[in-house]
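Some notes on the structure that comes next.
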Amino acid sequence: MKSLPSWGMSALVAAAVLLFSLVRARGPSPDQGRWAATSLPVAQVLGEGEVAGFERALEPRPFDFPADHGPHVSFRNEWWYLTGNLEDPSGTPFGFQFTVFRAGLDPRFARRLPPEGKASEERPDTPPPGEGPGEGGPGPASPWSASQIYLAHWTVTDGGRKRFYPHERFARGALGLAGAQGTPFRVWVEDWSLTAGGEEDLFPLTLQVREGGTALQLEFTALKPPVLQGEGGLSRKGPEPGNASYYYSFSRLKASGVLVLDGDSIPVQGLAWMDREWSTSALSPGQVGWDWFALQLDHGFELMWYHLRRADGTPDPFSQGIWVDPQGAARTLAFGEVELQATDTWASPVDGRRYPARWRLSFPGEDLLLEVVPLIPDQELVLSFRYWEGAVRVSGRHRGRPVAGVGYVELVGYGEGQGRKAP
Amino acid sequence: MSRPSFTPRFGPPPESSGSLRLLSLAGRRFLWRHPWQVSLTVLGVALGVGVVVAMDLAMESARRAFRLSAEAVGGRATHWIVGSGGGVPDSVYAALRVRGGVRPAAPVVEEFVGSPALPGRALRVLGVDPLAEGPFRRLALGGEGVEALWRLLGPGGGAFLGRETAWEAGGGGGDSLPLAVAGRVRHVRVVGLLEAGDELSRQGMRGLVLMDVGRAQELLGKVGTLDRVDLLLPAGEEGERRRAEIQQRLPPGLTVREAEGRGRAFDGMLRAFQLNLTALSLLALLFGGFLIYNTMTFSVVQRRPFLGILRTLGVTRGEVTKLVLGEAVLLGAAGTALGLVLGVFLGTGLVKLVTRTINDLYFVLEVQGVSPSPSLLGKGVVLGVGVAVLASLPPALEAAGSPARLVLLRSILEEKAARAVPLAALAGGASLGMGLALLALPSRSVTVGFGALFGVVLGFALLTPMATALLVQGLAGALRRRAGPLAVLAVRGLVGAMSRTAPAMAALVMAVAVTVGLGTMIGSFRRSVDRWLDTTLQADLYISAPGLLSSRAQGTLDPEVVEGILSLPEVAGFNTYREIRSEDQGGGFRLLALRLDPRGEKAFDFRQGGGVGAFEAFRGGEGVLVSEPLAYRRGWRVGDEVAIATDSGSRRFRVVGVFRDYSSEQGVVMVDRGVFERWWRMGGVTSLGLFLREGVAQGTVAERIEALAARQGQSLVVRSTRDLKAASLGIFDRTFTITVVLRLLAFGVAFTGVLSALMALQLERSRELGVLRALGMTPRELWGMITAQTGLLGLMAGVLAVPAGASLAAILVQVVNRRSFGWTLDLSWGLEVFGQAVLLALVGAGLAGAYPAWRMAKTPPALALRDE
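Sequence lines, in order, name chains A and B.
For the first sequence, the numbering used here assigns the number 117 to the initial residue and increments by one for each residue that follows.
For the second sequence, the numbering used here assigns the number 4 to the initial residue and increments by one for each residue that follows.
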């Protein structure tokens, strides 16, 4: 579930692990290495890295927009997460995901900064003085010194030709290679960027990404105000204090722009969803993965639900969600309010690992029953970190009336333990 | 070799296998009864094969070590973005990635440093961005993946070391490793170990200090610049297009060029060096071939009666040929087997010499042991056995070709040999002519030069029998009147045994000639360098930061130290040097920014140009001085406009002087310091030359300078002209150690050949000598005669070797060296070299005659007369 603070961390961590496992194993399939990303139990992954010194999400806080759209470097992890369903003029469906993860390297540095939001492009990337190369000498600090590293994932799903295009980028927050800033808002990893329309306004928000013959340029406007997840924006992930994140979402964005696929420019428009989350905390022991659903229904409602899975296969009581009505009023959902049942599975062609591939979702409180079907089965990201995240179609009944919609589903932590126990 | 493997290979069809088995048995019986002969042949082949294998092994080990470290460090990059000496600014890399979308691309900062914890070792500091590394290098960080990344990138991030290097440096992770960077000791935290998946990458990681690019910049004092940017471009047109595209985005002074590594660069840089070594080792094999030829001829000659009987009994020519060739294969195989063992053993020693030469002259390289590849060993087998077969082909055919009856007669063979002498001389003349013709070709090819060399050597060798015959006849004529019949007998005996003497003489002449040639070349070279050093080292004191390459300065001097030194009252004038490597399409050269004191102008020995006008143009900024090797290789002449890449783009300069230089075969271009500061970004001084006031003691000033530098925390190497000269000649001598070793080996092979040939000659004459004894010759007289004969052979070989050696020397000095390295050497004839050569030949031959003489003198005549 992307809403877990651990996810960003684990992605980064796993990405890094894999980066080095690739060079270690050198196999054609990154998964054959002992160090394959997902072979690391999430809990262990999150035990790594320096947590001490970073701020923790302990209690609800006031949110301050637009400043909070920018980075919060006193927390270890943070991400900007956009997913959406688009259509070309002939009605061919497309999906896209764009995610930027930030991970703080140096907690000492985090303390030295003003609270959040005010961080400029330069500030977070300047190392604390006196942190040269060991005891060597007081030479000038290299501009490569960074306190943040960034990972970005971008995918496009072509529902017409049934193809999936996953890409990723890594960079450190130095030399302008990657970074995040609050006012005006901008987050970028090399030539992939998400940029605010104005000094104070987040919208119209512009996404620009390209890789080889594929590119996407989208402009977003908010159709509803942001909703705070969890307890006034404090989203608890486990029983331990501080095992939580600050989390808000734009549940309905209008998106329009141009998609370039293999050199062809395609005008597209549709709906998108944006998640923002930052935290320092680690995943609780025993939590192995999650299924995350963000569904946008045609009659103006949105449902977000994440299902935390435990090692023994049972859902974790910290699973939760949110229900947003057409006016933008939101209600958080607790464990047990939404029932999920997988009705089909899909085997990855890479190694045969199985993911659920179709669900029956019921939300008795709203008399909502939905069938969730992936746009295409193969939307697995076989990158540094391996997971399934893809566009879905939904159809069903809400309070007795037929309803349809689109959405995005993320499945993390599948295929672990298949003979690849972490050391 | 055991019979089962021998017989089937060379055996006849099954029905006649009995007779051939008998034949081969008889053949082996013969070999068995001539252990000296056989062991010398085997030894000769072994030495020949051994030298070639050892040479190959040494070079291959060096190449492999280079390739492994290049792969570990250079990775899969196909192209590099490099600067014109001053590196690539960080911002250029960032712009390429962010705005240019150029990827994969990876920044690299790299330098060799020393460590007080590992004296005498070179460590390669490699600074990379682990986040951009993915496609490039196979660097495996030990420990938990993310931990590793954090330790590299995180606060106070440190270095990863190869496991062995860390162990040798005396500690695992967590410790700090002292590194000597440009004369300063700096400590790097060791935060983890590099893990190698296999032996190959383990070797490639030896001496590697892996750091984050930023940390490496800080450590090496390179903040703001990268040494290069690695690129991975597709092959073919698409790659060329992308390369051009990237080039367009680069500011002036930066170029995209093909990546070095994977042995290509190695071969390019060491081509001349390698060729020289290969030529020498082939020469050794050639001697081995002579040896086999000798033995086989001998064994055929010895068994002429037996072979004749076989032929009259109906054994076919083919069978006789097979028999002789089979024996050759047997001897060749035995020699080869021994040679391979010897080669691996020798190679282990040679690799150290090769590595040292490479480190002295070319680049830092650490070779860890040798491991012969199957292909290398296979090459040794083919060479050893092949040469054996080729060398015994003439005697085999001869034995088979003679009419059955005639085979029985030794005299027939000698008649044939006598007839062959003029033919050989003719062939020798032709070979000599061809060699000279090759020399006359307006070529710059080193291979053609070596071709000429071999032509001339072979020519001399083939002319030797004729020359020997003429000398002997002249001598016999002269002796007839003055000396007794015994002396005449001794001399005429040599002519009478031309089939035996000719090859032995030829081998001896070649060996001595090669010794003379190489000796003269080394002597000329050393004298040229010596004179050049006297001219070049004009200043009184030379100061540089301690570096790893003994032949050049690395790292810049602290500006405050420089200022302090130059303001010393004892300093009357100074030169400053700033060396960078300039890269261009022609393979690059050393670029030296020189602030030249007027006192230092005498330091240039101009081959072309020079003069007052030249220094004016040089200081004025339009002129550059070019070293002879570079001018030779590029075909640059005084007055030519040449393009040199600067940090502000390519600029044209006029060549105003070509000066003599032996410091770099890649070549040096000198530009004025002012010009350098105008067109290049980086400043700094890599070394200083000081002219002291009259009457000032060098030692005192040197001490003051060292103290001054120590206060600034920099250790310096301060050397007087004399020290520097001694150090330079030390490098020179080290470089030629390998040549000297090869020269000795070649001589050893030839000596073995002579020994075996002369011994064969004398042993073969048992009956003849028995007759002489029976006729009343005393053992003492016999001993004297034999010694005189072999001594005479040695003397003649020595004399004949003089013109051959002189020609060889001239070709080596004036053609091979010039074409290999581009520099001119003054040929200087060392009389002692020639004297030594003649003496060597004499002593060698004398020794070779001693044993047979002793044996024959001891043998009762009756026994010697008895038929076998």
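For glycine and all other residues, C-beta sits at the position ideal for the given N, C-alpha and C.
All values reported here derive from a predicted model rather than from experimental measurement.
Exposure label - A/HIS415; buried when at least 16 CB within 10 Å: In the first sequence, residue 415 of chain A corresponds to position 299, counting from 1. Around the beta carbon of A/HIS415, a 10 Å sphere encloses fewer than 16 other beta carbons of the protein chains shown; the residue is thus reported as exposed.
Taking A/ARG277 as the query, report the chain B residues whose CB atoms sit under 9 Å from its CB, ordered along the chain. By 1-based counting over the first sequence, the position of residue 277 of chain A is 161. Residues of chain B passing the Cβ test: none, with the nearest at roughly 25 Å.
Would you say B/ARG102 faces chain A, with C-beta separation under 8 Å as the test? One-based indexing of the second sequence puts residue 102 of chain B at position 99. At least one chain A Cβ lies under 8 Å of B/ARG102.
Under 8 Å, do B/ASP533 and B/SER723 count as touching if we go by C-beta distance? Counting from 1 along the second sequence, the entry for residue 533 of chain B is found at position 530. Counting from 1 along the second sequence, the entry for residue 723 of chain B is found at position 720. No; because the gap between Cβ atoms is not below 8 Å, this pair is not in contact.
Using the C-alpha atoms, what's the distance from B/ALA402 back to B/VAL410? Within the second sequence, residue 410 of chain B is the residue found at index 407, counting from 1. Within the second sequence, residue 402 of chain B is the residue found at index 399, counting from 1. Note that B/VAL410 has pLDDT 49, beneath the 50 cutoff, so the model's placement of it is unreliable and the number below is only indicative. Rounded to the nearest angstrom, the two C-alpha atoms are 7 Å apart.
Does the CB of A/ALA268 have a neighbour CB from chain B at under 8 Å? Reading the first sequence from its first residue, position 152 is the one you call residue 268 of chain A. No, its Cβ sits nowhere closer than 8 Å to a Cβ of chain B.
Runs of alpha helix (DSSP H) wholly within the segment 664-698 of chain B (minimum 4 residues, chain order): With a minimum length of 4 residues, the continuous alpha helix (DSSP H) runs that stay inside the segment 664-698 of chain B are 676-682.
Interface residues of chain A facing B/ALA705 [CB-CB closer than 8 Å]: Translated into positions along the second sequence, residue 705 of chain B becomes position 702. Identification of chain A residues near B/ALA705 by a Cβ-Cβ cut-off of 8 Å yields none; the smallest Cβ-Cβ distance measures about 26 Å.
At a CB-CB cut-off below 9 Å, which residues of chain A make contact with B/GLY383? For the purposes of this step, residue 383 of chain B is taken as residue 380 along the second sequence, with counting starting at 1. Ordered by position in chain A, no residue passes the 9 Å Cβ test against B/GLY383, which lies about 33 Å from the chain.
Alpha-carbon to alpha-carbon, A/VAL189 and A/PRO223: For the purposes of this step, residue 223 of chain A is identified with residue 107 of the first sequence, where counting begins at 1. For the purposes of this step, residue 189 of chain A is identified with residue 73 of the first sequence, where counting begins at 1. Those two C-alpha atoms are separated by around 9 Å.
Based on the DSSP output, what are the partners of B/ARG231 in its beta bridges? Stepping through the second sequence from its first residue, residue 231 of chain B is reached at position 228. Paired residues: B/VAL111.
When burial is assigned at 16 or more other CB atoms within 10 Å of the CB, is A/PRO178 buried or exposed? To locate residue 178 of chain A, count along the first sequence from 1; it is residue 62. A/PRO178 comes out exposed.
Option in B/LEU393, B/THR467, B/ASP664 and B/SER118 with minimal Cα separation from B/THR539: Within the second sequence, the letter at position 536 stands for residue 539 of chain B. Closest by alpha carbon: B/ASP664.
In the DSSP assignment, find the unbroken alpha helix (DSSP H) run with B/THR793 in it and report its ends. For the purposes of this step, residue 793 of chain B is taken as residue 790 along the second sequence, with counting starting at 1. Here the alpha helix (DSSP H) through B/THR793 covers 782-814.
Would you call the segment 424-437 of chain B in contact with the segment 348-356 of chain B, where contact means no fewer than 3 C-beta pairs closer than 8 Å? Touching, no.
Mind pulling the chain B residues with CB within less than 8 Å of A/PHE214? One-based indexing of the first sequence puts residue 214 of chain A at position 98. The contacting residues do not exist; A/PHE214 stays about 17 Å from chain B at best.
Rounded straight-line distance, which links the Cα of A/GLY437 to that of A/GLY354: Position 238 of the first sequence holds residue 354 of chain A. Position 321 of the first sequence holds residue 437 of chain A. Spanning the two alpha carbons is a distance of roughly 15 Å.
Give the interface partners of B/ALA97 over in chain A, defined as CB-CB distance under 8 Å, in chain order. Within the second sequence, the letter at position 94 stands for residue 97 of chain B. Here the neighbours are LEU291, GLY292 and LEU293.
Kindly identify the DSSP beta-bridge partner or partners of B/SER118. Here residue 118 of chain B corresponds to residue number 115 of the second sequence, with the count starting at 1. Beta-bridge pairing links B/SER118 to B/LEU121.
Anything in chain A within Cβ reach of B/GLN715, meaning under 7 Å, just list it in chain order. Counting from 1 along the second sequence, the entry for residue 715 of chain B is found at position 712. Near B/GLN715 there are no residues of chain A at all, since even the closest Cβ is about 12 Å away, more than 7 Å.
Thinking C-beta only, is B/THR81 closer than 8 Å to B/GLU261? In the second sequence, counting from the first residue as 1, residue 261 of chain B sits at position 258. In the second sequence, counting from the first residue as 1, residue 81 of chain B sits at position 78. Less than 8 Å divides the Cβ of B/GLU261 from the Cβ of B/THR81.
Mind the definition here: the segment 668-686 of chain B touches the segment 564-571 of chain B only if three or more C-beta pairs lie below 8 Å; say whether that holds. The segment 564-571 of chain B and the segment 668-686 of chain B do not touch, with fewer than three beta-carbon pairs separated by less than 8 Å.
Rounded to a whole number of angstroms, what is the C-alpha to C-alpha distance between A/LEU367 and B/ARG166? Within the first sequence, the letter at position 251 stands for residue 367 of chain A. Within the second sequence, the letter at position 163 stands for residue 166 of chain B. For the record, residue 367 of chain A in the displayed sequence is Ser; it is not Leu. Going by the C-alpha atoms only, they are around 52 Å apart.
Does any CB atom of chain A fall closer than 8 Å to the CB of B/LEU941? Here chain B covers residues 4 to 871 and nothing more, so residue 941 of chain B does not appear.
Kindly say whether A/TRP260, judged by its beta-carbon, lies nearer than 8 Å to any beta-carbon of chain B. As a first step, residue 260 of chain A must be located in the first sequence, where it is residue number 144. Chain B, which has a Cβ nearer than 8 Å to the Cβ of A/TRP260, makes this yes.
Supposed contact pair B/LEU597 and B/TYR580 - C-beta distance, whole angstroms, cut 8 Å: Counted from its first residue, the second sequence places residue 580 of chain B at position 577. Counted from its first residue, the second sequence places residue 597 of chain B at position 594. With a contact defined as Cβ atoms closer than 8 Å, B/TYR580 and B/LEU597 qualify at about 6 Å.
Assuming B/LEU379 contacts B/VAL56 (C-beta within less than 8 Å), just tell me the rounded distance between them. The count along the second sequence starts at 1 and reaches residue 379 of chain B at position 376. The count along the second sequence starts at 1 and reaches residue 56 of chain B at position 53. Right, their Cβ atoms sit about 7 Å apart.
Kindly indicate if chain A contains any beta-carbon less than 8 Å away from that of B/VAL226. Here the question's residue 226 of chain B lines up with position 223 in the second sequence. B/VAL226 has a beta carbon lying within less than 8 Å of a beta carbon in chain A.
Along the segment 302-318 of chain A, what residues have a CB closer than 7 Å to any CB found in chain B? The segment 302-318 of chain A vs chain B, Cβ under 7 Å: GLU306 and ASP307.
Please report how far the alpha carbon of A/GLY329 lies from the alpha carbon of A/VAL376, in whole angstroms. Within the first sequence, residue 329 of chain A is the residue found at index 213, counting from 1. Within the first sequence, residue 376 of chain A is the residue found at index 260, counting from 1. Each residue's alpha carbon lies about 7 Å from the other.
Is there at least one Cβ from chain B nearer than 8 Å to A/PHE451's Cβ? Residue mapping note: residue 451 of chain A aligns to position 335 of the first sequence, counting from 1. By this cut-off, A/PHE451 is not an interface position.
Buried versus exposed, by CB contacts within 10 Å (16 or more), A/GLN443: Residue 443 of chain A sits at position 327 when you count from the first residue of the first sequence. It counts as exposed.
DSSP three-state label for B/VAL105, please. Against the second sequence, residue 105 of chain B aligns to sequence position 102. Three-state result, B/VAL105: coil.
If you draw a straight line from the alpha carbon of B/PRO375 to that of B/LEU60, how long is it in whole angstroms? Counting from one through the second sequence, the residue named residue 375 of chain B turns up at place 372. Counting from one through the second sequence, the residue named residue 60 of chain B turns up at place 57. Distance between the alpha carbons of B/PRO375 and B/LEU60 is about 6 Å.
Figure out for me which residue from B/ARG187, B/VAL111 and B/SER118 has the closest Cα to the Cα of B/ALA232. Taking the first residue of the second sequence as 1, we reach residue 232 of chain B at position 229. Looking at the sequence itself, residue 232 of chain B is Val, so the reference to Ala does not match. Ranked by Cα distance from B/VAL232, the options B/ARG187, B/VAL111 and B/SER118 are led by B/VAL111.
Taking only beta-carbon atoms, is A/ALA183 less than 8 Å away from chain C? No chain C is part of this structure, whose protein chains are labelled A and B.
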